[in-house]
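Visitor: The structure is given below, and queries will be raised subsequently.
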């Protein structure tokens, strides 16, 4: 009947219980659930979203205003020194027992900077209200959430009040589970004056297991997600390139081949490697990453990171001339796959990618969907890239991104998507998750959507979006063009306050 939420803080909140309506205070809409009520030290019951979710209603009617955002509500409750919050679904959004679903622990994010926070079933709050009905100023008695919603919607009259005789103890403690995972590493030593310099070739071998976190098929949890494209294809490239190099003459540089674990959980394996390298990172001159190379289309592979070294473009073009495959060059290296920790250590990187598919992060990403000949073509091309780097007489010259953007991004207005950086690229940003009560959710974005344009700017990767957000301010409206399946769509979002 309840679910602790990670967006809240670990801790304990004990106190009397206050029914706080929607937890909104809005001068613009002349509505204030906090008027004439003191919630300091109280456990507050707050309804999700906002009143009048119908055409012509206040708070943007069927659309979602910024007052509905969970961050805004938590900020108000924290400033008012509430002890804890019990969140309950709104009646308009969840009118039946079947639709009254509890959020997952991470639905609202994992920040843990607010107050103890639990999501409870409507039936729980209905039992409380049935025992202790809310009394309105005009004499009505409200004994269910449905009655509360109908009353507030009718006249935008708050009904916040303490529930006499009730107290609550909300204690939350989230603790991460620790498991051991392994990076698989093979080394081919070099020969000659550059033998102590290292080239890393990598790709992740983990996927989603039985679904759950990261799956785009939430109704199919329990089915094996094999991840043939993501990333058995990249793993095959790492192993095959190791076989080819080991079968030929000694390379001029040491080559380290790594199959990373934990990529799907946040680049865990590659981040661990750059902190605990098998040879000093100072001697690592380049890194090539393979993530999703199993669906070559139009004989074209996308090569990211070409702009991270002055020498890379010439190597990329010569490799293109030596093989029948076509290439799409992306200078940036902002896609969040296993090359990124190396890039952040100022090591030049390249990342090969054949694009998104409709079965990405679903149980249908299986062997029979792969373009095997295309995988071989990408490996053939990548071998030429690798030999081109190996042929350099001095380390490639690292080229950094424009300074300051990463720090400024932390102060950017809130949109509310988690991009799938490994799958994003020149075709747009792939949405991995949409935060609850966020501008993105209000605009109708869903997991798997591909954002292709913001206003009139074509999105060519994560950095494009970051730069747009940095240049914007809270309250600005952005028109997003996005692809869902085979259809193009547009929506407008109103940016929220930066996340703290």
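Residue numbers (this note's numbering): 139 to 638. Built from N, CA and C at the ideal position, the CB exists for glycine as well.
1. Would you check if the distance between the CB atom of residue 224 and the CB atom of residue 183 is smaller than 8 Å?
2. For residue 586, which residues from the same chain have a beta carbon less than 6 Å from its beta carbon, with the 5 sequence-adjacent residues on both sides left out?
3. Please report the straight-line C-alpha distance between residue 227 and residue 368, rounded to a whole angstrom.
4. With DSSP collapsed to three states, give me the class of residue 464.
5. Looking at the structure shown, is residue 300 part of a helix, part of a strand, or coil, going by DSSP?
6. Would you mind listing the beta strand (DSSP E) stretches within the segment 477 to 517 that are 3+ residues and don't spill past its ends, in chain order?
7. Whole angstroms are fine: how far does the CA of residue 489 sit from the CA of residue 461?
8. Can you round the beta-carbon distance between residue 159 and residue 290 to whole angstroms, since I take them to be within the 8 Å contact cut?
9. Out of 204, 174, 376 and 332, point me to the one whose CA is closest to residue 297's CA.
10. Locate the alpha helix (DSSP H) running through residue 240, then write down its first and last residues.
11. For the segment 356 to 375 and the segment 427 to 438, state whether three or more C-beta atom pairs, one from each stretch, are separated by less than 8 Å.
12. Are the CB atoms of residue 222 and residue 181 nearer to each other than 8 Å?
13. Going by C-alpha distance, which of 525, 505, 380 and 475 is nearest residue 452?
14. Would you tell me roughly how many angstroms separate the C-alpha atoms of residue 318 and residue 169, rounded to the nearest one?
15. Just confirm the distance between the C-beta atoms of residue 179 and residue 153, as a whole number of angstroms; I'd bet it's less than 8 Å.
16. According to DSSP, is residue 632 part of a helix, a strand, or is it coil?
17. Hey, residue 364 and residue 348: beta-carbon distance below 8 Å or not?
18. Please state whether DSSP places residue 322 in a helix, a strand or coil.
19. Would you grab the beta carbon distance between residue 485 and residue 424 for me? Rounded to a whole angstrom, and I think it's under 8 Å.
20. At the level of alpha carbons, what is the spacing between residue 475 and residue 235?
21. Using 10 angstroms around the beta-carbon of residue 203, count the other beta-carbons present and answer buried if the total reaches 16, otherwise exposed.
22. Have a look at residue 441 and residue 205 and give me their C-alpha separation to the nearest angstrom.
23. Drop a sphere of 10 angstroms on the beta-carbon of residue 268, count the other beta-carbons inside from all chains shown, and report buried for 16 or more, exposed for fewer.
24. Whole-angstrom Cβ separation of residue 617 and residue 630, contact assumed at under 8 Å?
25. Can you tell me where the alpha helix (DSSP H) with residue 408 in it begins and where it stops?
26. Apart from the five residues on each side of it in sequence, which residues of its chain come closer than 8 Å, Cβ to Cβ, to residue 537?
27. Going by beta carbon distance, what residues of the same chain come within less than 6 Å of residue 450, once the five residues before and after it are set aside?
28. Check each candidate in 506, 520 and 323 and name the one with the smallest Cα separation from residue 464.
29. What first and last residue would you give for the alpha helix (DSSP H) that runs through residue 261?
30. Note down the Cα distance separating residue 287 from residue 578, rounded to an integer number of angstroms.
31. Taking the beta carbon of residue 572 as the centre, do at least 16 other beta carbons fall within 10 Å, making it buried, or is it exposed?
32. Go ahead and pull the three-state DSSP assignment for residue 157.
33. If you follow the beta strand (DSSP E) that residue 440 is in, where does it begin and where does it stop?
34. For residue 294 versus residue 189, is the C-beta distance shorter than 8 Å?
35. So the candidates are 214, 435 and 338; which of them puts its Cα closest to the Cα of residue 421?
36. Quick check on residue 275: buried or exposed, where buried means 16 or more other Cβ atoms within 10 Å of its Cβ?
Guide: On the basis of the supplied data:
1. yes
2. 354
3. Spanning the two alpha carbons is a distance of roughly 36 Å.
4. Strand at residue 464.
5. strand
6. 487 to 491
7. 18 Å
8. Right, the Cβ-Cβ distance comes to about 7 Å (below 8 Å), so this counts as a contact.
9. 174
10. First-last for residue 240: undefined, no H or E at that position.
11. yes
12. yes
13. 525
14. Approximately 52 Å, taken between the alpha carbons.
15. Confirmed, Cβ separation roughly 5 Å.
16. strand
17. no
18. Strand, per DSSP.
19. 7 Å
20. If I take the Cα positions, the gap works out to 41 Å.
21. buried
22. 42 Å
23. exposed
24. 5 Å
25. Run containing residue 408: 406 to 413, per the alpha helix (DSSP H) assignment.
26. 445, 446, 447, 448 and 486
27. 444
28. 520
29. 260 to 269
30. 25 Å
31. buried
32. strand
33. Segment 438 to 442, the beta strand (DSSP E) holding residue 440.
34. yes
35. 338
36. exposed
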